[in-house]
Amino acid sequence: MPTERRWVTLTTKGASQMNELVKMLQKAAKDEHAAVIQYLRHAYMLGEGEEACEIEAIARDEMRHFWMLSRWIRKLGGTPTIERNPVDLGGTAISDWMHRDEEAEKRAIALYRDYIAHIKDPALKADIERILADEENHREIFAHLAGKFRRLQSAEGRVPPQSEAPSLLPADREALEWGVRHEYTALLQYLFHSFMVKDEEASRQLELQAINEMQHFGWLAEELAGKGREMPLEPHPADLSLEPSSMLRADIKLEQDTIRKYEHFIQRVQDAKLKKLLTFIQNHEMYHEGLFKRLLSQLQG
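So, in structure tokens, the structure goes:
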């Protein structure tokens, strides 16, 4: 929705206006973060299919928006946020979910139009205009999907009752739920560190590993959804160190703890497919640990 206050024209000059811009962009970043989680939740609950893939692609767009906004926050002297605005968990029919996603896009469109009207810096305005164009396209897609699922008027348009969910052994469920929360944490932590570290190589590598953690998050969340279970929506606490060496030490420790935890689950889970997936992810984590150790060594000279 449009901002409640009336803004003066904002530039990237002057401390007070820079602070105002940072607050605006932080608000938008929190919205984009919420959109990523909301859309992924809906995509995973839909299961396999063209529509789920389309919604996942939209979530990736929103993640790119989050990245763009965070880079601007850093450029303007602010601190990027990994906080998230509320996720809309309402609706029982798929058409309801799509309608709620469409409404989220309408709010984003109104917000970004308001920002564009008051931002003077041409480079920032161009980026916001790019984001706005995506949101307008997303709104059309969700409106189409909402209409499509309304017309189906069948059991396919509703969430399967919990009693119909496939069985999931306690150890398997624990592994999946812990894994989703952990990978969400790692994604946010590595992104935050990538925004804050000045070394270009370290920043790029942290960003790439964050992308890999998002893949892990998706694989595990899809497994949970396929068993009729809700994916956890809250991450574990993330380390938000600001000093480069402290960042990488925290990232190394996170990976070491993760490798041990996945080893614990690999020994306990019963599902062969899940055991294979956890082993594959664990191998990635071992690579991350080695990479972060090399980056730390390079930074320390």
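Residue numbers (the numbering used here): -18 to 282. From the three backbone atoms N, C-alpha and C, an ideal C-beta is built for every residue, glycine too.
Here residue 272 is buried. Its C-beta has 16 or more other C-beta atoms within 10 Å. Restricting attention to 41, 13, 12, 8, the CA atom closest to the CA of residue 24 is found in 41. Scanning its chain for C-beta atoms nearer than 7 Å, with the 5 sequence neighbours on each side dropped, one finds around residue 49 the residues 108, 112, in chain order. Note that the region 221 to 237 does not touch the region 115 to 135; fewer than 3 beta-carbon pairs, one per stretch, sit closer than 8 Å. In this structure, residue 163 and residue 228 do not form a Cβ contact; the two beta carbons are roughly 18 Å apart against a cut-off of 8 Å.
Residue state for residue 220 is assigned as coil, using DSSP reduced to three classes. Of the residues assessed, residue 187 falls on the buried side of the cut-off, its CB having 16 or more other CB atoms within 10 angstroms. Distance from the Cα of residue 66 is smallest, within the candidate group 257, 101, 3, 214, for 214. Remark: C-beta atoms of residue 82 and residue 20 approach each other more closely than 8 Å.
Per the C-alpha coordinates, the member of 22, 189, 155 positioned closest to residue 248 is 155. Take residue 46, set aside five residues on each side of it, and the residues of its chain with a beta-carbon closer than 6 Å to its own are 13, 112, in chain order. Counting every other CB atom within 10 Å of its CB across the protein chains shown gives residue 238 a total below 16, marking it as exposed. Taken in chain order, the complete alpha helix (DSSP H) segments of 4 or more residues contained in the region 183 to 257 are 225 to 249.
Of the candidates 176, 234, 265, 184, the residue whose Cα lies closest to the Cα of residue 279 is 184. Residue 208 sits close to residue 149, with the two beta carbons spaced by under 8 Å. A distance below 7 Å between beta-carbons, with the five flanking residues on each side excluded, links residue 260 to the following residues of its chain, in chain order: 247. By the neighbour-count criterion, in which 16 or more other beta carbons inside 10 Å mark a residue as buried, residue 216 falls on the buried side. For residue 69, there is no enclosing alpha helix (DSSP H), as DSSP marks it with neither H nor E. In this model, residue 0 and residue 86 are separated by some 26 Å (Cα to Cα). The three-state reading of DSSP puts residue 178 in coil, since its state is none of H, G, I, E or B. With a contact defined as Cβ atoms closer than 8 Å, residue 205 and residue 161 qualify at about 7 Å. The alpha carbon of residue 198 has as its nearest neighbour, out of 167, 121, 98, the alpha carbon of 167. For residue 51, the enclosing alpha helix (DSSP H) has its first and last residue at 31 to 56.
Of the candidates 39, 103, 189, the residue whose Cα lies closest to the Cα of residue 121 is 39.
Linking residue 10 to residue 54 through their CA atoms gives a straight-line distance of about 9 Å.
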